[in-house]
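Under this note's numbering, the first residue of the sequence shown carries the number 3, and numbering increases by one thereafter. Idealized CB from N, CA, C, for every residue including glycine.
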Amino acid sequence: MLKIALVADCIANLTGGAEKQIYELAKRLDKSKYDVTVISLDCIGKTSGEWFTSVGCQYHAFRVVRIYGLSGLLQGIRFYNFLKKEKIGILQTYHFSSDIWGAFWGKLAGVPVIISNRRDMGFLRKPSHIHAYRWVNQWVSKFIVVSNSIRDMVKSTEGVPQEKIEVIYNGVDLPQAPSKIPASAGMTRNLIEGLEANDIVIMHVAYLSPVKGHIFLLEAFKKIIGQIKNVKLVLVGEDMLEGFLAKPGDSYGDQKQCFIFRRT
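What follows is the structure, given as structure tokens:
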């Protein structure tokens with residue numbers, strides 16, 4: 003049986019995109035063929051291993067405070083021993099710390115296949131991050147990206163050849179009977195005042211941050227509302243913009259067709 007380790011910086015909950023995809027992959031891999039272990043590097047007291055053990059996987063936490071510090075070294079030795087003992091055949095990493103730390107120790111442990119999963123455009127990356135990626139990329143067998151734009155970014159900034167990059171879009175688990183799902187406007191109307199039963203509701207769920215590009219969505223929405231009168235936009239997420247999107251004037255809080263529902 004092939005043993006697979008999925009390593010992420012943090013798995014605090016299953017609402018984040020990466021966490022959800024890791025969970026779905028771990029759950030759906032054929033357990034008669036694959037022995038799956040999910041590993042988190044931090045989030046002390048937040049990650050529930052039961053999410054993964056309940057779907058036939060193992061879960062381990064390696065509490066790495068800083069990958070270049072003492073904890074990175076001590077936990078790295080522990081991780082190395084784990085990889086050797088379990089004879090891990092495929093190591094797939096998510097997020098920067100796991101990509102660098104995981105690939106380094108995976109190479110030392112002789113893991114045959116190392117996969118790096120890239121899920122964003124590197125908005126928060128510094129030159130030092132790019133240098134670190136270029137250093138460990140030599141040990142990576144395959145790069146999985148979730149969009150063509152990320153593929154192009156990895157090629158241009160890290161010099162990864164295209165034949166080593168595979169574009170796999172995020173999967174969505176569609177219900178077996180979609181016709182039985184209530185209309186989105188009906189569900190949303192219970193949360194936000196101002197929505198009508200016949201409204202066409204567009205909902206965007208993500209924390210309100212510049213890297214999520216809400217401003218572009220709002221600019222596009224301005225063009226839509228001139229053509230479709232009963233369309234409404236609902237933004238759901240923790241506000242990290244200090245209320246900017248809800249302010250009148252140059253922002254969009256004064257539009258009667260745009261609603262911001264902050265998660266608390």
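Please determine, among the options, the residue with the shortest C-alpha to C-alpha distance to residue i.
{"i": "ASP11", "options": "ASP122, VAL147, SER100 and GLU160", "result": "SER100"}
{"i": "LEU4", "options": "LYS22, GLY104 and LYS35", "result": "LYS35"}
{"i": "LYS33", "options": "THR55, ILE41, GLN164 and VAL113", "result": "THR55"}
{"i": "ILE90", "options": "GLU221, ALA7 and HIS206", "result": "ALA7"}
{"i": "SER149", "options": "VAL142, TYR61 and LYS157", "result": "LYS157"}
{"i": "ASP201", "options": "ALA208, LYS224, PHE223 and ILE230", "result": "ILE230"}
{"i": "PRO129", "options": "GLN140, GLU26 and GLU160", "result": "GLU160"}
{"i": "GLU26", "options": "SER42, ASP44 and CYS59", "result": "CYS59"}
Check the C-beta distance from residue i over to residue j and give it rounded, since I have them as a contact under 8 angstroms.
{"i": "TYR96", "j": "ARG68", "result": "Wrong, their Cβ atoms sit about 18 angstroms apart, outside the cutoff."}
{"i": "VAL203", "j": "VAL236", "result": "6 angstroms"}
{"i": "LEU210", "j": "LYS234", "result": "Not really, about 18 angstroms apart at Cβ, beyond 8 angstroms."}
{"i": "ILE167", "j": "PHE145", "result": "5 angstroms"}
{"i": "ILE207", "j": "PHE125", "result": "For clarity, residue 207 is Val in the given sequence; the question names Ile instead. 19 angstroms between Cβ atoms; not a contact."}
{"i": "GLY19", "j": "ASN172", "result": "7 angstroms"}
{"i": "TRP107", "j": "LEU85", "result": "7 angstroms"}
So residue i is in the alpha helix (DSSP H); what residue range does that whole segment cover?
{"i": "LEU197", "result": "From DSSP, LEU197 is part of no alpha helix (DSSP H); its letter is neither H nor E."}
{"i": "HIS133", "result": "129-138"}
{"i": "ASP154", "result": "150-160"}
{"i": "ASN83", "result": "72-88"}
{"i": "TYR25", "result": "19-30"}
{"i": "ALA105", "result": "105-110"}
{"i": "GLU52", "result": "52-55"}
Taking all protein chains shown into account, do 16 or more other C-beta atoms lie within 10 angstroms of the C-beta of residue i, making it buried, or fewer, making it exposed?
{"i": "GLU52", "result": "exposed"}
{"i": "TRP137", "result": "exposed"}
{"i": "ILE226", "result": "exposed"}
{"i": "ARG153", "result": "buried"}
{"i": "ASN119", "result": "buried"}
{"i": "GLY188", "result": "Reliability of the predicted coordinates at GLY188 is poor, the pLDDT of 49 falling under 50, and the value obtained from them is presented with this limitation in mind. Per the 10 Å Cβ criterion, exposed."}
{"i": "ILE79", "result": "exposed"}
{"i": "ALA28", "result": "buried"}
{"i": "GLU165", "result": "exposed"}
Could you spell out where the beta strand (DSSP E) holding residue i opens and where it closes?
{"i": "HIS216", "result": "It is not in any beta strand (DSSP E) - HIS216 instead sits in the alpha helix (DSSP H) that spans 216-226."}
{"i": "ALA63", "result": "60-63"}
{"i": "GLY239", "result": "233-239"}
{"i": "ASP37", "result": "36-42"}
Going by the DSSP bridge assignment, what does residue i pair with across the sheet?
{"i": "GLN94", "result": "LEU8 and ILE117"}
{"i": "ILE167", "result": "PHE145"}
{"i": "ILE270", "result": "The structure shown does not extend to residue 270, since the chain is modelled only from 3 through 266, so no value can be given for it."}
{"i": "VAL207", "result": "VAL238"}
{"i": "ILE202", "result": "VAL233"}
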